[in-house]
Structures are given as C-alpha cells and as structure tokens.
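Asker: In order, the protein sequence lines correspond to chains B and A. All residue numbers for the first sequence refer to UniProt numbering, where the first residue is 1 and numbers rise by one. All residue numbers for the second sequence refer to UniProt numbering, where the first residue is 1 and numbers rise by one. For glycine and all other residues, C-beta sits at the position ideal for the given N, C-alpha and C. In this text, all values refer to a predicted model and were calculated from it rather than measured experimentally.
There are 2 protein chains.
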Amino acid sequence: MVAKSQLKLIKKLHQKKYRNENKLFFVEGIKVITDLLASGLKPFQLLATEEKIESFPQGSQVDKVAANDLKTISALKNPNGYFGVFHHPKNLGIDFEDWILALDAVQDPGNLGTIIRLCDWFGIAHLVCSNDTVDCFNPKVVQATMGSIARVNIHYLDLSNFLDDIDVPVLGAFMNGNSVYNESFRKPGVLLMGNEANGISTTLEALISKKISIPQFGNQTTESLNVAMATGILLNEIRRI
Amino acid sequence: MVAKSQLKLIKKLHQKKYRNENKLFFVEGIKVITDLLASGLKPFQLLATEEKIESFPQGSQVDKVAANDLKTISALKNPNGYFGVFHHPKNLGIDFEDWILALDAVQDPGNLGTIIRLCDWFGIAHLVCSNDTVDCFNPKVVQATMGSIARVNIHYLDLSNFLDDIDVPVLGAFMNGNSVYNESFRKPGVLLMGNEANGISTTLEALISKKISIPQFGNQTTESLNVAMATGILLNEIRRI
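#1: Taking the alpha-carbon of LYS211 (chain B) as reference, which of B:GLY177, B:ILE100 and B:ASP132 has the nearest alpha-carbon?
#2: By Cβ distance, which residues of its chain are closer than 6 Å to ASP120 (chain A), with the 5 residues on each side in sequence left out?
#3: Which residues share a DSSP beta bridge with GLN45 (chain A)?
#4: Please confirm whether GLY81 (chain B) has its beta-carbon closer than 8 Å to some beta-carbon of chain A.
#5: Secondary structure at GLY177 (chain B), three-state DSSP: helix, strand or coil?
#6: Can you pull the DSSP bridge partners for ASP135 (chain A)?
#7: Using a Cβ-Cβ distance under 8 Å, would residue 246 (chain A) count as near chain B?
#8: Please look up how many angstroms separate the CB atoms of LEU9 (chain A) and THR72 (chain A), rounded, as I've assumed it's under 8 Å.
#9: Cβ of MET175 (chain A) less than 8 Å from any chain B Cβ?
#10: Between the alpha carbons of LYS187 (chain A) and HIS88 (chain A), how many angstroms are there, rounded?
#11: Tell me, please, whether the CB atom of ALA38 (chain A) is closer than 8 Å to any CB atom in chain B?
#12: When we look at the beta-carbon of SER179 (chain B) and count the other beta-carbons within 10 Å, is it buried (16 or more) or exposed?
#13: Please classify ASN91 (chain A) as buried or exposed, where buried requires at least 16 neighbouring CB atoms within 10 angstroms.
#14: With 8 Å set as the bound, which would you pick, yes or no: does the beta-carbon of SER209 (chain B) sit closer than that to a beta-carbon of chain A?
#15: Taking the alpha-carbon positions, what's the PHE26 (chain B) to THR114 (chain B) distance?
#16: Which one of A:ASP63, A:ASP69, A:ASN138 and A:ASN131 has the shortest CA to CA distance from ARG19 (chain A)?
#17: Using the C-alpha atoms, what's the distance from THR34 (chain A) back to SER55 (chain B)?
#18: Against GLY232 (chain B), what residues of chain A qualify as contacts under a CB-to-CB distance less than 7 Å, listed in chain order?
#19: Please look up how many angstroms separate the CB atoms of GLU28 (chain B) and ASN80 (chain B), rounded, as I've assumed it's under 8 Å.
#20: List in chain order: all unbroken beta strand (DSSP E) runs of 3+ residues lying wholly within the UniProt domain "tRNA/rRNA methyltransferase SpoU type" (100 to 235) of chain B.
#21: Going by C-alpha to C-alpha distance, which of B:ALA230, B:PHE162 and B:ILE238 sits closest to LEU207 (chain B)?
#22: Pull up the distance between the alpha-carbon of ASP95 (chain A) and that of GLY59 (chain A), whole angstroms please.
#23: Find the residues of chain B that neighbour ARG239 (chain A), judging by a C-beta separation of less than 9 Å, and give them in chain order.
#24: Could you tell me if MET1 (chain B) is buried or exposed, where buried requires 16 or more neighbouring beta carbons within 10 angstroms of its beta carbon?
#25: Do GLN45 (chain A) and VAL85 (chain A) count as a contact pair if the criterion is CB distance below 8 Å?
#26: How many angstroms separate the CA atom of LYS16 (chain A) from the CA atom of THR145 (chain B)?
#27: Across which residues does DSSP place VAL62 (chain B) in a beta bridge pair?
#28: I'd like to know if the region 187 to 202 of chain B and the region 96 to 107 of chain B are in contact, where contact means that at least 3 CB-CB pairs between them fall below 8 Å.
Structural data, given as structure tokens:
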C-alpha cells in the first residue's frame, strides 16, 4: 500500500508550482500510462487499485492504492483505477532546421492537448509556449495529448525575447493575413498561433515576418476557426510541400 | 410568463423523437440566439429571465420565464437566462455541382457540431448524415455549431442507398489511403468520413471511388487524428485548389 506521505506529495502535483519544483506530473488510465512507458518516459510511481493491478505491462513496479485514497489524488470525478506519476520528459535543445510551432497565451487545456497531439502527428519536434500559456503538465492537457506529451519537446519561455533573437522567418496566424494557399512553406520557420479570444498580442505582432490566414468560403458572420483546428490545418499546409 | 403547458412541450424537445415530430429545437445563450435570428431562422418561442429580457435584439417577441421554470427546460447545469426555441431550418435540395460532405455514424455531439461549423467556414452547403449519426438538433450539437446550424443544409438518409445512386466520385477517409498531397480535388464529389472508433463501415467502403489519407510524419504509435480535425484538414485540401 502506498504511504500517506506519498499521497500527500502526489496531491500537491495538482498545482503547477509543485509539478515544476519536483519535475513530476501525473496521468490516469491504463492506455495513456502504457503509452508513456512505451515512449520511454521514466515513471516515478505507478499506482492501481487491487483489481486493476494486473493490467499493467509485465515487469512494471506497481503499488496498490485503496479506492478511497485514489479519490483524494485523482483529477477525475470517477477515478478509473490507474494512476501514474512520471518524471518530466527531458527536452532536447531547439532545432532551428525544421518548423517550430509557437503559442502565445493559449489558455484552454483541451486546445493545448490537441495541439501537442498535432505536433506529434505532423512530426513537429519543438513546441515553444509563452510563459502565460496553460501548463502542459496540467492533468487536463496531459489527458488530451493521448501520450503525445512524451514525444514533443515543449519549451516555456519569454516568447518576445525568443522571436526577437532568432534568425528564421516567423509566420503569424491572423484573420486578415495572406491566404495560405499562396504561400510556400519552406523550412526553417516558426508558426505562431495566438490566444483563443485575443489572437496574437501586439508586442509579438511586431516580430512577425508575415501574416497568414486560412481562407473562409462561407458566410462572413461565421465564427472563426478554433485555435487547435487552425493549427491542424496550418501544420498540414506546412508539411504538404 | 410562459404557460406550464408550453414548458411541458419544450421539455419534450430534449428527445429526438419530439424534435422531429414538431420540427423544433432549442438553443441557450444570447449570442447563439441572436446569430440564429440574424441568419433568418424562424423562432417558435424566445424566453428570458426578467433581468435578461432587455438584451434581446429590438423587435424580438420575448416571453418572461422564471429562473426555476428555466431550470426544468434547460440542458445546462447553470442556465444562462436565455432560451430560444426555433423551427428547423428549411433544407434546400442537394446540389451535386459542388463538394458534399457525408458522415457515417459520427457519434460525438461535439464532433458533429465542429463539423457543421467547418462546413459553414469552407462553404460546404450540404452535409449528408447516415441515419445513425448523432442528431444535429441535439442540444450539445447545436451549442457546438455556434450558429452555423442555420447555414448548412443537413440531410439524414440511408447513406448506402445515397452513395449507390449518385454519379459523382466518393472519396473516403481511411488510415491507409492515398496521400491527399497527391490528389487534385476537382468538384463535384462526396467526401465521406467514418465513425470515431470504427471508421467507415464495410458496406459503405464498397461504394467508394478512392481511399485517401492525411499523411503522418511523427511516431507510428501516435493516436490517429480526431474525425473533426481530419474533416477540417480535408475540407481545407478540397478548397485550396
């Protein structure tokens, strides 16, 4: 059985501050835990309720947790019986030879999770996030990445300094930019996506080489595309060359 | 104040059967209601709590509803004070000159809502759904369309008969199809997307002219793209010509 002191530490991982201090995060569910293990991510502690413990891959060291204790550490309304605490993946240094995706203050955990999954699909190795982007180790983000969190290098930094320092073109997604259909996306470059409500901040706008847009064909009053959807369409454009 | 008998009718609109019998559906929130009114959709009844009634566009006929009564008809945990019952939009006959999007048993309301919004963005006038696709007037679908439900013609029909009868090419999205980067999407045509878990059924697979895929660049174990995301990327491919 897992010690109370251990549960107390794990409980603290709901907070970004403690996740960063301890370089740990947690996920729930056998599929995502197995996927992270298969991706080579180092487990700090694996927990399962008694009846679930056998579903773990052979050779995993899993501690038993009482259903009641699991409730106190889970981020889910109905815990599923599997809980994995992992060390943060080691980030490789940013590679400026390929496309890099950058996010300015993306706030919704589901959006960030989907975007990390898209980076994984389209082979974008480096995702650069402004410091005010939602934390990628937030349980909702991790859950939405479906294991891709282990395979994308995610960097939090001062985006304004970063964009100011680099030598590669920066394309920013705007409502009124040039049609992506007229662009040729030669690497290297940075694709910058903005906040859900406010788009790209004016500070960062000044550091952009070119504004691009996904053309709209329907009624002009249509809601703009969600940031995760727009990112998927633009990463596809980048890779189609 | 709205009559109890009226509330009883509205309450029934949570069920697909009654929505279809009465050709009515409901939405909640001032933004989406205003958007549907602006799109020319005919309101059956507009309701608001006393303090919210003034936010409606001038000239709208709005009935007052008590907060407690609103709770009994709302699909939201915390009703927002605005409730609109609308007549189903009138569908135009299917136009075979342009691209048509077809869905085989898409189940998730959020996915269908996003797909309807994508049709609106990319100017796809006709969305054809298998009879076992989630109902487009399901409150969660309507809410996710952000008003686009008024601007896309949505048809529920026997997809197998439909695809068998038509004369235009049918492209089906598969994991192992031809890369979309090698396709030229000349209209007319039908793009067929499959169920979230099972993809396109074998019955419909037999009626497809060509299988297409969005290439994957990352790790082979990556989860496949969500059906709404794949639809967005493919509609963008169709329109980029």
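Answerer: If we stick to the structure as given:
#1: Working through the first sequence from its first residue, we reach residue 211 (chain B) at position 211. Closest option to LYS211 (chain B), Cα to Cα, is B:GLY177.
#2: The residue you call residue 120 (chain A) lines up with position 120 of the second sequence. Correct list, in chain order: SER148, ARG151 and VAL152.
#3: As a first step, residue 45 (chain A) is located in the second sequence; it is residue number 45 there, counting from the start. According to DSSP, which records beta bridges pairwise, GLN45 (chain A) is partnered with A:VAL85.
#4: The sequence position of residue 81 (chain B) within the first sequence is 81, counting from 1. It does not; no Cβ of chain A falls within 8 Å.
#5: For the purposes of this step, residue 177 (chain B) is taken as the residue at position 177 of the first sequence. When secondary structure is reduced to three states using DSSP, GLY177 (chain B) falls in the strand class.
#6: Within the second sequence, the letter at position 135 stands for residue 135 (chain A). None; ASP135 (chain A) has no bridge partner.
#7: Because chain A is modelled from 1 through 241, residue 246 (chain A) falls outside the range shown and cannot be assessed.
#8: If you number the second sequence from 1, residue 9 (chain A) lands on position 9. If you number the second sequence from 1, residue 72 (chain A) lands on position 72. 12 Å between Cβ atoms; not a contact.
#9: Residue 175 (chain A) sits at position 175 when you count from the first residue of the second sequence. No Cβ of chain B is located within less than 8 Å of the beta carbon of MET175 (chain A).
#10: Numbered from 1 along the second sequence, position 187 holds the residue referred to as residue 187 (chain A). Numbered from 1 along the second sequence, position 88 holds the residue referred to as residue 88 (chain A). Using only the alpha carbons, I get a separation of about 29 Å.
#11: For the purposes of this step, residue 38 (chain A) is taken as residue 38 along the second sequence, with counting starting at 1. Against chain B, the CB of ALA38 (chain A) has a partner CB under 8 Å away; the residue lies at that interface.
#12: The sequence position of residue 179 (chain B) within the first sequence is 179, counting from 1. In the assembly as shown, SER179 (chain B) is an exposed residue. Its beta-carbon has fewer than 16 other beta-carbons within 10 Å.
#13: Your numbering for residue 91 (chain A) matches position 91 in the second sequence. Classification of ASN91 (chain A): exposed, given that the 10 Å Cβ count is below 16.
#14: Residue 209 (chain B) sits at position 209 when you count from the first residue of the first sequence. With 8 Å as the cut-off, SER209 (chain B) does not count as an interface residue toward chain A.
#15: What you label residue 26 (chain B) is simply residue 26 of the first sequence in a count that begins at 1. What you label residue 114 (chain B) is simply residue 114 of the first sequence in a count that begins at 1. Going by the C-alpha atoms only, they are around 18 Å apart.
#16: Residue numbering aside, residue 19 (chain A) sits at position 19 when the second sequence is read from its first letter. Measuring from the Cα of ARG19 (chain A), the nearest candidate turns out to be A:ASN138.
#17: For the purposes of this step, residue 55 (chain B) is taken as the residue at position 55 of the first sequence. For the purposes of this step, residue 34 (chain A) is taken as the residue at position 34 of the second sequence. Straight-line spacing of the CA atoms in SER55 (chain B) and THR34 (chain A) works out to 51 Å.
#18: Position 232 of the first sequence, counting from 1, holds the residue named residue 232 (chain B). What GLY232 (chain B) touches in chain A: MET229, GLY232 and ILE233.
#19: What you label residue 28 (chain B) is simply residue 28 of the first sequence in a count that begins at 1. What you label residue 80 (chain B) is simply residue 80 of the first sequence in a count that begins at 1. Between GLU28 (chain B) and ASN80 (chain B), the beta carbon gap of about 6 Å places them in contact (Cβ cut-off 8 Å).
#20: If only complete runs of 3 or more residues are kept, the UniProt domain "tRNA/rRNA methyltransferase SpoU type" (100 to 235) of chain B shows the beta strand (DSSP E) at 126 to 130, 153 to 157, 170 to 179, 189 to 193 and 210 to 213, in order along the chain.
#21: On the first sequence, position 207 is the one that residue 207 (chain B) refers to. Of the candidates B:ALA230, B:PHE162 and B:ILE238, the one whose C-alpha sits nearest the C-alpha of LEU207 (chain B) is B:PHE162.
#22: What you label residue 95 (chain A) is simply residue 95 of the second sequence in a count that begins at 1. What you label residue 59 (chain A) is simply residue 59 of the second sequence in a count that begins at 1. About 35 Å.
#23: Taking the first residue of the second sequence as 1, we reach residue 239 (chain A) at position 239. Against ARG239 (chain A), the close residues of chain B are TYR181, PRO215 and PHE217, in the order they occur along the chain (beta-carbon pairs closer than 9 Å).
#24: Start at 1 with the first residue of the first sequence, and residue 1 (chain B) comes out as number 1. Exposed, by the Cβ-count rule.
#25: If you number the second sequence from 1, residue 85 (chain A) lands on position 85. If you number the second sequence from 1, residue 45 (chain A) lands on position 45. In this structure, GLN45 (chain A) lies closer than 8 Å to VAL85 (chain A) by Cβ.
#26: By one-based count along the second sequence, residue 16 (chain A) stands at place 16. By one-based count along the first sequence, residue 145 (chain B) stands at place 145. The alpha-carbon atoms of LYS16 (chain A) and THR145 (chain B) are separated by roughly 33 Å.
#27: For the purposes of this step, residue 62 (chain B) is taken as the residue at position 62 of the first sequence. Partner(s): B:LEU46.
#28: Contact holds: three or more Cβ-Cβ distances are below 8 Å.
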